[in-house]
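Residue numbers (the numbering used here), protein chains in the order written: chain A, 312 to 667; chain B, 211 to 429. Even glycine gets a Cβ: it sits at the ideal position worked out from N, Cα and C.
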Amino acid sequence: MTGTSSAPLIRLSDVSRTFPAASRRGAPVHALDQVDLDVAEGEVLGVVGYSGAGKSTLLRLVNALDRPTSGTVTVAGREVSSLSERALREVRRDIGMIFQQFNLFSSRTVWGNIAYPLQVAGVPREQHRARISELLHFVGLADKAHTHVEQLSGGQKQRVGIARALATNPRILLADEPTSALDPQTTSEVLALLRRVNEELGLTVVLITHEMEVVRSLAHRVAVMEAGRVVELGDTYDVFASPQHPATQRFVSTLVEKGPPPRALERLRERHPGRMVTLSFRDEHASPADVFAAFIERSVAFELVHGGVEDVRGRTFGHLTLTLTGDDAAVAGALAHVATLAEVTEPPARTGKEAS
Amino acid sequence: MERLIELDSLFLEAALETLYIVAITLGIGGTGGLLLGTLLYTTRAGGITPNRVVHVGLNLVVNFFRPIPFVIFIAAAQPLARLVVGIGIGNRAIIFALSLAATFGISRIVEQNLVSVDPGVIEASRAMGAGRLRTILTVLLPEALGPLVLGYTFVLVAIVDMTAIAGVVGGGGLGAFALTYGYRQFDPVVTWAAVLVIIAFVQLVQFGGNRLARRAMRR
């Protein structure tokens, strides 16, 4: 997805943002610390991190709601970090934004909310009707045009937020935890809508979230943030299949565990004798079937005790934990062969006593 | 009771005078308070137009005037009234003093109501490319409209209360009427007649204000 030939649509170069200390004795907060990040046109970049990692600050630099303390932010070739507030108005019409708490105007109807960016952009009034009903149809709220926003459900509010953000035909959509206030069912509806925003309308999306499910279903690439830095950046598949940084591993483990968690490990060992190994598969590796065949060929009995296979954007990976029983030499030989087919790790042995 | 009938035309005149003083005060003080209160809100740190010097300055001015009891304020403002409206006594002077006091009082009420507006909608408006003035006029004030109406209703009742002191500098209205013809002439019927009209007026204002606020908030 990352077009290396053309210039990125959004570029953060060596960006830091320091907030002054809240109190006289407090320390200044380094919300962003020398961040470099490119976003290519048409891609969905998921930015993941715990609260306070700096992801909200990062998002607000893109439409210059906030300015970096040092470094530059460039959007479509314009350095937004140094533009005047007046010049920014024009740039912001090209950047839609949606919010965790929706931030709809309660003083206006659904129609009025979507009309607002059109009014701001100076779109002639006679063009509003066609544009607004087009947007309402796109987000599936054609029957709610004249409803007041407080009568809508959370999912409907976010749809209005999306319609409002799209009104002026922006190239970029900034999504600030767009599903964090929604239940799982509504979340998947909103995610499906955001996917259409990217795929059908071609918008570049920067999405910040702490929910890995959101990233998995939407993002082409993932940036993981911790303490103001981007600690890992890669294709969503790679990040899920082989997370490198501890923070990334923690996030991925909320959806996919590499091996049994320590407490389960104890119980599994008691119930399943034999040598325990975790095999990690990626789609460019051999499939689990090949591995099983290798064990059978060498007369090694195996039992699947933990794990599963996951799908990320149509590509699969998985972590399977097996216990192997048989002749020690045969097991060792089989594992040596299997290591050429998949990544083999052995869960840590019990502390204090030997495995029986 | 007979005395009240005798005073009939004076009574009506006093009631109309009260309405007149209240209406003009609400017009001037309401506008001034809205401007001042909005400035207090927008200039605060992290506001729409943050400006420490202006914010601190306005705060000092408002805090300087607000604690002065109104009956003293009327007397204290007399020289200023002569300067601005040309006379230190009568309805013009009282309207001047009332408008000034109302401006400062209302500014705090406006500020408080604007603070309660979700900063998220202001951010959304900025993110859509709206300028500061547009954000204030088309997002901030409409979002606060319901509470503002209630706040203004409260102020209106307070102004009716304050007009009763108008007699101190020779102003008219129901307060002066009740004091002159009721209290000083030992005629409780006249006093209570004025009180009842004021109560009826306040009830009407509060009822109307509540209805308007409910419509603005759609609750």
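Asked	Found
Proximal chain A residues relative to Ala423(B), where beta-carbon distance stays under 9 Å	Near Ala423(B) there are no residues of chain A at all, since even the closest Cβ is about 13 Å away, more than 9 Å.
Where the segment 255 to 285 of chain B meets chain A: residues whose CB sits under 8 Å from a CB there	none
Inter-residue spacing [alpha-carbon to alpha-carbon] between Val359(B) and Leu214(B)	36 Å
Test: Ala647(A) CB closer than 8 Å to a CB of chain B	no
Cβ-Cβ distance between Arg626(A) and Asp594(A) below 8 Å	yes
CB contact check: Ala552(A) to chain B, cutoff 8 Å	no
Within chain B, the residues that Val431(A) reaches when beta carbons sit closer than 9 Å	Ser335, Met338, Gly339, Ala340, Gly341, Arg344 and Thr348
Boundaries of the beta strand (DSSP E) in which Leu514(A) is found, first to last residue	No beta strand (DSSP E) contains Leu514(A), which DSSP labels as neither H nor E.
Per-residue DSSP class, three states only, for Phe396(B)	coil
Contact the segment 351 to 361 of chain A vs the segment 415 to 422 of chain A: 3+ CB pairs below 8 Å	no
C-beta neighbour in chain A for Gly247(B), strict 8 Å	no
contact_flag[the segment 236 to 255 of chain B, the segment 313 to 322 of chain B] where n(CB pairs < 8 Å) is 3 or more	yes
Boundaries (first-last residue) of the alpha helix (DSSP H) holding Ala486(A)	Segment Ile483 to Asp487 is the beta strand (DSSP E) holding Ala486(A); no alpha helix (DSSP H) there.
Residue burial classification, Gln411(A) (beta-carbon count within 10 angstroms, cutoff 16)	buried
Given 8 Å, three or more beta-carbon pairs between the segment 289 to 304 of chain B and the segment 317 to 330 of chain B	no
Residues that Glu577(A) bridges to, as DSSP identifies them	Answer by DSSP bridge pairing: none, since Glu577(A) is not bridged.
Buried versus exposed call for Glu216(B) [16 or more other C-beta atoms within 10 Å across all chains shown]	exposed
Gln467(A) at chain B interface by Cβ criterion, 8 Å	no
Of the residues Thr401(B), Ala386(B), Glu212(B) and Ala225(B), the one placed nearest Gly392(B), counting alpha carbons only	Thr401(B)
Val460(A) vs Leu415(A) beta-carbon contact at 8 Å	yes
Inter-residue spacing [alpha-carbon to alpha-carbon] between Leu579(A) and Gln555(A)	26 Å
Backbone CA spacing between Val415(B) and Phe364(B) [nearest angstrom]	9 Å
CB contact flag (Val671(A), Leu635(A), <8 Å)	Any answer about residue 671(A) is impossible in this case: the structure gives chain A only from 312 up to 667.
Validate contact between the segment 644 to 660 of chain A and the segment 258 to 276 of chain B using beta carbons, cut 8 Å, 3 pairs	no
Beta carbon proximity, Ile331(B) to chain A, threshold 8 Å	Reading off the sequence, residue 331(B) comes out as Val, not Ile. Output row for Val331(B): interface = yes.
Three-state secondary structure assigned by DSSP to Asp325(A)	strand
Cβ shell of Arg378(A) (< 6 Å), same chain only, five flanking positions each side left out	Ser392
Partners in chain B for Gln412(A), counting only beta-carbon separations shorter than 8 Å	Asp328 and Gly330
Residue from Met587(A), Thr559(A), Gln345(A) and Gly465(A) with nearest C-alpha to Val642(A)	Met587(A)
Residues near Lys664(A) in its chain [Cβ-Cβ closer than 7 Å; skip 5 each side]	Here Lys664(A) scores only 47 on pLDDT, less than 50, and its place in the model is too uncertain to base an answer on.
Contacting positions in the segment 454 to 481 of chain A - beta carbon closer than 9 Å to chain B	His459, Glu461, Gln462, Gly472, Arg475, Ala476, Ala478 and Thr479
Interface partners of Glu401(A) on chain B, CB under 8 Å	Gly339
Pro489(A) burial status per 10 Å Cβ neighbour count (16 or more: buried)	buried
Same chain, Cβ closer than 8 Å to Gly629(A), five either side skipped, listed in chain order	Ser591, Phe592, Pro599, Gly618, Gly619, Val620 and Glu621
Partners in chain A for Pro352(B), counting only beta-carbon separations shorter than 7 Å	Ser418
Minimum Cβ-Cβ distance from Leu244(B) to chain A less than 8 Å	no
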